[in-house]
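So the sequences go chain by chain: W and Z. Sequential numbering of the first sequence, starting at 281, is according to our numbering. Sequential numbering of the second sequence, starting at 5, is according to our numbering. We treat Cβ as the ideally placed atom computed from N, Cα and C, and that holds for glycine.
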Amino acid sequence: MIHKHGIALMVVTLALAVAGCETSTKQVLATNASAVQLRSFQSRAFDTTDSEKTLRTVIATLQDLGFVIDKADADLGSVSATKLSGYQLRITVTVRPRGEKQLLVRANAQYMDKAVEDPKPYQDFFTSLEKSMFLTAQQVD
Amino acid sequence: MTEVISVPARALRACAVLTLVLGACATIPPEALKMTPDTLARRQLQTRRFDGIEEKKILAASAGVLQDLGFNIDESETKLGVIVASKDRSAVSAGQVTASVLLALLTGTATAYDKKQKIRVSLVARPVETATAANPPSSFYVRVTFQRIIWNTANQITHIEAIDEAPIYREFFDKLSKSVFLEAQQI
């Protein structure tokens, strides 16, 4: 009897542990990549100080990419949007001043229930954005 | 004793399957954040230009049309020309229900059919040319995009998609043109 209970417990524990994409509150502050690395491939600098125009261009680019806007805040300089296409992709883009002559645009995305921590999708996003901005997206360190 | 051995064996197999299923938490599709060949066509379908009107009036007219269509406004940021709205509606289609009933008669088990949907929309106005304080813009592009999620009777998500049907966008802009006209005339 004890044996059976022990096994049942083991199975439940295993199942919970395997439910992998961790269920615990650890996820609240968890990341896989380092913060410095993340910032570097999620951010680009643009030679403009017009944050309203930049935000409007970000919104237009997101619409081009098939996103529906969830929220936009001109004062905070942030836009969030969701793409549904057999999957759910959420993105938040922030725009803030960088020095006197530049704006820093940063994007972070989540695909289904996972953070997007691969540089390639961000590269694609900034490639699309720089076309609409008519400005070069500059890598920052 | 044989039972004790078989249980962990079965459990192990179950765990292996679980790992595969959960481990497959798939990664982002490569084209998700890229412009595609149909990007331009979709932009044209979802966009109309309005001339000789203030941005605030376009947004007010748009909010009016969305309300006419039963949407509730979730968010708006007039400084960026954005309105976000949604509605929850039935997704039941007679065909699916009939098929489900027929299948139930044949097999004796009920199958789930689509029951409800959440439809979301964002509408964005954008000045055609750059504005200055002295020369506020009077021409705007309005772009609208719809998407929806459908749940079935078992409460599972069955569809998660952008709405791309051209007639829907044409009808929406017909209504918006009328609403903009009425707004301009203050009716």
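For proline 377 of chain W, DSSP records a beta bridge to W:Leu383.
Assigned with DSSP and collapsed to three states, threonine 162 of chain Z falls in strand. Comparing alpha-carbon positions, the option among W:Val385, W:Ser358, W:Thr305 lying closest to serine 320 of chain W turns out to be W:Val385. At a beta-carbon threshold of 9 Å, the residues of chain Z lying near lysine 351 of chain W are Asp78, Glu79, Glu81, Val86, Val88, ordered along the chain. In chain order, Leu37 make up the part of chain Z whose C-beta sits under 7 Å from the C-beta of phenylalanine 405 of chain W. If you draw a straight line from the Cα of valine 316 of chain W to the Cα of lysine 119 of chain Z, it comes to about 45 Å. Secondary structure note for proline 399 of chain W: its alpha helix (DSSP H) is the uninterrupted segment 399 to 413. Contact annotation: glycine 357 of chain W and valine 375 of chain W have beta-carbon atoms nearer than 9 Å.
With its beta carbon at least 9 Å from every one in chain Z, aspartate 327 of chain W lies outside the interface.
With a cutoff of 9 Å on beta-carbon distance, leucine 186 of chain Z and alanine 98 of chain Z are scored as not near each other. With contacts defined by Cβ atoms closer than 9 Å, valine 88 of chain Z and valine 146 of chain Z do not form a contacting pair. Under the DSSP definition of a beta bridge, aspartate 92 of chain Z partners with Z:Lys122. Here methionine 392 of chain W is exposed, its C-beta having fewer than 16 other C-beta atoms within 10 Å.
Closest in C-alpha terms to leucine 318 of chain W, from the list W:Leu369, W:Arg378, W:Val396, W:Val373, comes W:Val396. Per DSSP, lysine 182 of chain Z is one residue of the alpha helix (DSSP H) stretching across 170 to 189. When DSSP states are grouped into helix, strand and coil, threonine 149 of chain Z belongs to the strand group. When Cβ-Cβ separations below 9 Å define contact, proline 140 of chain Z makes no contact with chain W.
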